[in-house]
Amino acid sequence: MDLTPYRLGPGDPALPAVLTLIQSSFAFMDERIDPPSSMHKLTLGSLSEQAETGEIWGIGHPVQACVFLTPKPGSVYLGKLAVAPNARRQGLARRLIDLAATRAADLRCSFVELQTRIELVENHATFEALGFREVGRTAHPGYDHPTSITYRLNL
Numbered sequence: 000m001d002l003t004p005y006r007l008g009p010g011d012p013a014l015p016a017v018l019t020l021i022q023s024s025f026a027f028m029d030e031r032i033d034p035p036s037s038m039h040k041l042t043l044g045s046l047s048e049q050a051e052t053g054e055i056w057g058i059g060h061p062v063q064a065c066v067f068l069t070p071k072p073g074s075v076y077l078g079k080l081a082v083a084p085n086a087r088r089q090g091l092a093r094r095l096i097d098l099a100a101t102r103a104a105d106l107r108c109s110f111v112e113l114q115t116r117i118e119l120v121e122n123h124a125t126f127e128a129l130g131f132r133e134v135g136r137t138a139h140p141g142y143d144h145p146t147s148i149t150y151r152l153n154l
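The sequence shown finishes on residue 154 if you use numbering that gives the first Met the number 0, and the numbering steps up by one all the way, no holes.
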């Protein structure tokens, strides 16, 4: 498999595979997190919009790993990082996180930021092992307790 990340544009023929990859990779969360994942709101239209206003990157043909990158003031937000089960433990997530850091540096940003749910402790350990540090906790609207942890990777 070619491990070179490539950028997908609006209407890219690979967007349906990205949507399926995210839905299948995030499905395990349904019984573990509250509120439900925003993944349930994704459509091909919203993926095309993300590709136009932000960035979607993939690895593999068909797509075996993907990530959304969204430029923010001073940072790049990393979202919807997904790797197919049969492609895990090959460094694809690391490759996409490295890409996020490169894109942030290209945009003269000083950090990459992401959020993960409180309940997903295995994600916390993974992101910390990749150099991210917790910088805050937030609650989704209508919740009186933290539901997400914000992590930052300083460049």
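We put the beta carbon where it would ideally sit given N, CA and C, even for glycine.
- If one requires a minimum length of 4 residues, the alpha helix (DSSP H) runs lying completely within the segment 36 to 111 are 43 to 52 and 91 to 105, in chain order.
- Shown here, residue 118 sits in coil according to DSSP, grouped into three states, outside any helix or strand.
- For residue 43, same chain residues with a beta-carbon under 7 Å away, outside a window of 5 residues either side, are 14, 15 and 18 in chain order.
- Note on geometry: alpha-carbon atoms of residue 125 and residue 10 lie some 32 Å from one another.
- For the 8 Å CB-CB criterion, residue 7 and residue 57 form a contact.
- Within a 10 Å sphere around the beta-carbon of residue 109 sit fewer than 16 other beta-carbons, which makes this residue exposed.
- Residue 21: member of the alpha helix (DSSP H) spanning 14 to 25, first to last residue.
- Residue 39 and residue 21 have their C-alpha atoms some 10 Å from each other.
- One Cα belongs to residue 4, the other to residue 98, and the distance between them is close to 8 Å.
- Spatial neighbours of residue 153 in its own chain (CB-CB distance under 6 Å, excluding positions within 5 residues in sequence) are listed in chain order as 110.
- Residue 46 and residue 76 have their C-alpha atoms roughly 16 Å apart.
- Around the beta-carbon of residue 120, fewer than 16 other beta-carbon atoms lie within 10 Å, marking it exposed.
- Closest in C-alpha terms to residue 89, from the list 117, 118, 107 and 59, comes 59.
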